[in-house]
Amino acid sequence: MQLLLIVIHLIGAFITLSLGIALLLKSRSGVNIIFSLLCFCVTIWIFGTFEILLNAGSPDVILSWDRFVYLGVIPMPLFAYHFSLIFSKAKDKFVLYAGYFSTIIFLLLSRTDYFAREVNLYPWGGHLKTTALHNIFLFFFLLYTAITLYKFSRYYFVTKNSLEKNQTKYILLSFYILTLGSLSFAPAYGINILPVGDMSAIIFSSLIAYSIIRYRLLGVRVILSNIYLYTLTSALAYAYFYLVLHLHFKYLGGPYTAAALSAGVTLSFIFSFIFLPFVNYIRRTSDTIFFKGYNPARIIKDLTIKFSKVIAIDDLLKILIDEFKKVLSSDQVGMIVFRNGNTERKNKKRSIASRQIDNFSVEWLKFKGKNNFYEEVESIKSIKVRDELKSIGEPSAGIADIMDKAGIKIISPLIAHEKLIGTIVLGDKISQEGYTQEDIEFLEIISSQAAVAIENALLYKEIGEMNKNLQKKVEEKTTELRDKNEYLEKLLVMRSEFLDIASHQLRTPVTVIRGMTSMILEGGMPENKINEFLKAMLDKSGKLAEIINDILRASEMDSEKVLLKFTKVDLNTFLTKLVDDKQIQAKTKEIGLKLSLPKTPLPAIQADERYLEQSVGNLINNSFQYTPKNGKVEVSARLNGKKIEIRVSDTGIGIPANDLPKLFSKFSRASNAIAMYTDGTGLGLFIVKRIIEEHKGGKVCVEKTVEGKGTTFLITLAV
Amino acid sequence: MPIPKKILLIEDDPDQVLMYEMELTKAGFNIFTARCGNEAFGIIKKEKPDLVFLDLLLGPEKGRDILAAIKTDAEMKKTKVVILSNFNQKDLPILVKKEGAFDFLNKSEYVPKELVAKAKEYLK
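The listed protein sequences correspond, in order, to chains A and B.
Numbering-wise, our numbering puts 91 at position 91 of the first sequence, and it's gapless, one number per residue.
Numbering-wise, our numbering puts 1026 at position 26 of the second sequence, and it's gapless, one number per residue.
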């Protein structure tokens, strides 16, 4: 029993000392220093008791060790109280300073007989006999312990931070248990109970250690896990050493015999075989204990393999979200990937390239004005836990505001190549517990891995889109080029046909004029024949002029914007004169030409009279040329609202439907035109269209046409 | 006095008919004129002209169709047809000669007197 107590005290001292050192190594912040001091005090207490247990029966030794114990015990309530102040962010300076003052007094006086003298001896050891001052100290001890417990209890109910609530829960429990250690005062008053109250110190430190691990209290998880690993590893070495030593003494006659030395070689081999698997086993259990079953290396390995199999951004997000849900046990998980997160910095406009948001509303996802999501995330740079952020109104207020609105508990920016490309957001855990340190570290590690994978996926997507666009563009351009090429080829054919026809049309009158002139010059021709020749020549030169005119006008209209000179034109007189002029031609062709005008005179319009004459004239000529003998051509005009409509209709050969679309283009002739009209250049309608469209509200079209029956052309002009 | 050679002129432009008929008649040829294919075929079959001048653009008809008709008709195919046209595509003379024309003359290059000389040459 005595041995068990000794061992427990030794272990307890070791644990509390380790805890104190670990905390100091981790951070020299106020809370850590105070808590370390508390740990050291507990260590002194437990270690002192360990010595007392060891020296049971020696009053002098017990006396000095018990005075040593009080060096630790006296400041304990004060440090605990101070710790509670810092932890609960309370400020109660008077009580604190009074405590320090009293503690110093008690410490000084604890060396004197006013505090305690002699020893109450018990079978297991002993305890100082208290005197008057010890009673006052006991009161002080219980008072500060009570205040401390009160502080933590109140904080537990006040705080809304779930993480701190969890931490407080464990601290409170630890301190309640520590309070049980007060039972150790009993032997001082002659009550013989074993110093089992000291057990509370061991439970206290273990609980604190647990909450450190579980709830990031004081943040020493890594150090503790290392201490765990090294302690157990060295324990193995020692145990093996003693086992070997034992074997040597028992069976081989001591460690230095030849047999022992040669056995040593084999045993060393055996040790080396045991050692590595043991260390690995310890490391695994360390992961399980300290990282709550996370094995970051394994999870990352698994995830990396999964990443490498996906390249589509949406699939990648899905994998990540699933993993987060599984590992962090939260069903509120969101991943947002920003579009052009690394370019377009100037206009600051951001949008979402891809997102998967489970069980969150998304109103907070905005990229304009106050609480611009992108800017706020960009400003935080590293993972943020809402409960650890300052409250609203301070520098990180923007992101805190968004997190509150959205119900986000943790936000982790995804940063690749120093650029923010997206973010992970997490809501509450399903259990409503706070996120633990290992959760956050897991997120940190995965965030950086995910950022790279997402960036790759984005690049892949971008390249894919670029390729698609490029292909589309190439196809568009190819089609465009092909169309253009076809058009040009067609144009070339039309142009060459035009040249053939135009040159034929030009040569025909020239042939006649030249031929007849040469015959007249030969002489011996009767007067009446000469006259007949001259008339024919005049007619042919007129035709020649007309054709030349057409060609020139067409090329003029083709090359630049037609410059018209607009004047007021009275359509009544204009049309009457034009139709009168055409009557001679009509008679020669034996075609009836008629003009019908409304009874109310037409209003004047703004037009270039010369060009308008050519346009309407061309239509009349066309009708003549495609209308057989005894046919009829009618020119009519009327006012339709604010438009003037001029129609030229004939009883000619009509236009095949196939030829209508290209009718007004240059060099175009209806496929049946060649049959009737041998003088056409294919330029007439092109010229008409260009001229009319230069006029205000000007349009020309084939109003109706029936093959073999006739055609009506319609010119529309604005009044 | 030798029998005057018969020449058929297939042409629809009255001015040209007037001009060529007058000059060729003056040169002592016996001239027939036709404005279209059917008219021409009748004359060819009846008069068996020694030479035919054929225009390529004849109102609704194409001269080359008329040429083809002459050259595929057993009765007419031996007729010597010379194309007389103002078309001057490079390959046209070769084309019409392949189709049976004896020669191709560009109208604007020959005044009537020169055409007479050509006719005499063909009828030698």
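Built from N, CA and C at the ideal position, the CB exists for glycine as well.
The model shown is predicted, which means the values in this text are computed figures rather than measured ones.
Nearest-angstrom beta carbon gap, residue j and residue i [assumed within contact, 8 Å]
i, j, result
"MET494 of chain A", "ARG690 of chain A", "Wrong, their Cβ atoms sit about 16 Å apart, outside the cutoff."
"LEU23 of chain A", "PHE35 of chain A", "6 Å"
"SER649 of chain A", "THR716 of chain A", "Going by Cβ atoms, the distance from SER649 of chain A to THR716 of chain A rounds to 15 Å, so no, they are not a contact pair."
"LEU78 of chain A", "TYR100 of chain A", "6 Å"
"ILE408 of chain A", "LEU426 of chain A", "7 Å"
"LYS1107 of chain B", "LEU1084 of chain B", "6 Å"
"TRP124 of chain A", "LEU71 of chain A", "Actually they are not in contact, since the Cβ atoms of TRP124 of chain A and LEU71 of chain A sit about 21 Å apart, beyond 8 Å."
"LEU53 of chain A", "GLN2 of chain A", "7 Å"
"ILE336 of chain A", "ILE352 of chain A", "6 Å"
"PHE1102 of chain B", "VAL1081 of chain B", "6 Å"
"PHE137 of chain A", "ILE74 of chain A", "7 Å"
Chain-ordered neighbours of residue i on chain A, where CB pairs are closer than 8 Å
i, result
"PHE1102 of chain B", "Going along chain A, no residue has its Cβ under 8 Å from PHE1102 of chain B, so there is no contact; the nearest lies around 21 Å."
Residue i - DSSP class collapsed to helix/strand/coil
i, result
"ASN1086 of chain B", "coil"
"ILE520 of chain A", "helix"
"ILE646 of chain A", "strand"
"ASN192 of chain A", "coil"
"PHE94 of chain A", "helix"
"TYR122 of chain A", "strand"
"ARG117 of chain A", "strand"
"GLU1011 of chain B", "coil"
"ARG734 of chain A", "This structure does not reach residue 734 of chain A, given that chain A is present from 1 up to 719, and the question cannot be answered."
"THR1033 of chain B", "strand"
"LEU4 of chain A", "helix"
"THR573 of chain A", "helix"
"GLY684 of chain A", "helix"
"GLU1121 of chain B", "helix"
"ALA201 of chain A", "helix"
"THR168 of chain A", "helix"
"VAL1017 of chain B", "helix"
"ASN372 of chain A", "coil"
Chain B residues whose Cβ lies nearer than 7 Å to that of residue i
i, result
"ARG647 of chain A", "In chain order: nothing, as chain B lies at least about 27 Å away."
"GLY515 of chain A", "MET1019, VAL1111, PRO1112"
"ALA586 of chain A", "By Cβ distance, chain B contributes nothing, its closest Cβ being about 18 Å from ALA586 of chain A, past 7 Å."
"ASP483 of chain A", "Here the premise fails: no neighbours, minimum Cβ distance about 28 Å."
"ASP500 of chain A", "PHE1087, GLN1089"
"GLU522 of chain A", "LYS1113"
"ALA545 of chain A", "In chain order: nothing, as chain B lies at least about 16 Å away."
Member of the options whose CA lies at the smallest distance from the CA of residue i
i, options, result
"TYR1110 of chain B", "B:GLN1016, B:PRO1049, B:LEU1057", "B:GLN1016"
"TRP364 of chain A", "A:PHE373, A:TYR281, A:LEU443, A:LYS381", "A:PHE373"
"THR705 of chain A", "A:ALA604, A:ILE653, A:SER596", "A:ILE653"
"MET519 of chain A", "B:TYR1020, B:LYS1120, B:ASP1050", "B:TYR1020"
"GLN606 of chain A", "A:ASP570, A:GLY523, A:ILE321", "A:ASP570"
"LYS1046 of chain B", "B:THR1079, B:ASN1106, B:PHE1029, B:LYS1124", "B:THR1079"
"THR49 of chain A", "A:LEU595, A:LEU10, A:ALA260", "A:LEU10"
"GLU118 of chain A", "A:TYR170, A:LEU107, A:ILE62, A:ASN166", "A:ILE62"
"LEU663 of chain A", "A:ILE513, A:SER206, A:THR627, A:ASN622", "A:ASN622"
"ASP1055 of chain B", "B:LYS1120, B:LYS1124, B:THR1033", "B:THR1033"
"PHE1053 of chain B", "B:LEU1009, B:LEU1105, B:ARG1035", "B:LEU1009"
"LEU5 of chain A", "A:GLU51, A:ILE530, A:LYS366, A:ILE548", "A:GLU51"
"ASP401 of chain A", "A:MET516, A:LEU575, A:LYS384", "A:LYS384"
"LYS577 of chain A", "A:LEU612, A:ILE591, A:VAL73", "A:LEU612"
"TYR81 of chain A", "A:ALA397, A:TYR281, A:PHE152", "A:PHE152"
"ILE299 of chain A", "A:GLU323, A:LEU316, A:PRO277", "A:GLU323"
"GLY1028 of chain B", "B:MET1076, B:LYS1005, B:GLU1121", "B:LYS1005"
"THR131 of chain A", "A:ILE86, A:GLY190, A:TYR170", "A:GLY190"
"THR517 of chain A", "A:LEU506, A:SER541, A:ASN192", "A:SER541"
"LYS1098 of chain B", "B:GLY1037, B:ILE1007, B:LEU1067, B:CYS1036", "B:LEU1067"
"GLY264 of chain A", "A:ILE274, A:PHE275, A:VAL244", "A:VAL244"
"ILE203 of chain A", "A:GLY12, A:ASP331, A:PHE185, A:LEU303", "A:GLY12"
Under 9 Å from the C-beta of residue i: neighbouring residues of chain D
i, result
"ASN1086 of chain B", "Here chain D cannot be found, since the structure's protein chains are A and B."
Per-residue contacts from residue i into chain B (C-beta, under 8 Å)
i, result
"SER518 of chain A", "VAL1111, PRO1112, LYS1113"
"LYS540 of chain A", "ASP1015"
Cross-chain neighbours of residue i in chain A, by beta carbon under 7 Å
i, result
"GLU1023 of chain B", "MET519"
Residues that residue i contacts on chain A, provided the C-beta gap is smaller than 9 Å
i, result
"LYS1120 of chain B", "None at all; the shortest Cβ gap to chain A is about 16 Å."
For the region 6-88 of chain A, which segments carrying the alpha helix (DSSP H) assignment without a break, of at least 4 residues, lie completely within its bounds, in sequence order? Every alpha helix (DSSP H) stretch that sits fully inside the region 6-88 of chain A and reaches 4 residues is listed by chain position as 30-54, 59-73, 76-87.
Minimum length 3: unbroken beta strand (DSSP E) runs contained in the region 415-501 of chain A: 419-426
What are the complete beta strand (DSSP E) segments, minimum 3 residues, inside the region 128-156 of chain A? Taking only runs of at least 3 residues, no beta strand (DSSP E) segment lies wholly in the region 128-156 of chain A.
Quick one: which unbroken beta strand (DSSP E) runs of 3-plus residues sit fully inside the region 275-339 of chain A? Chain order, please. 333-339
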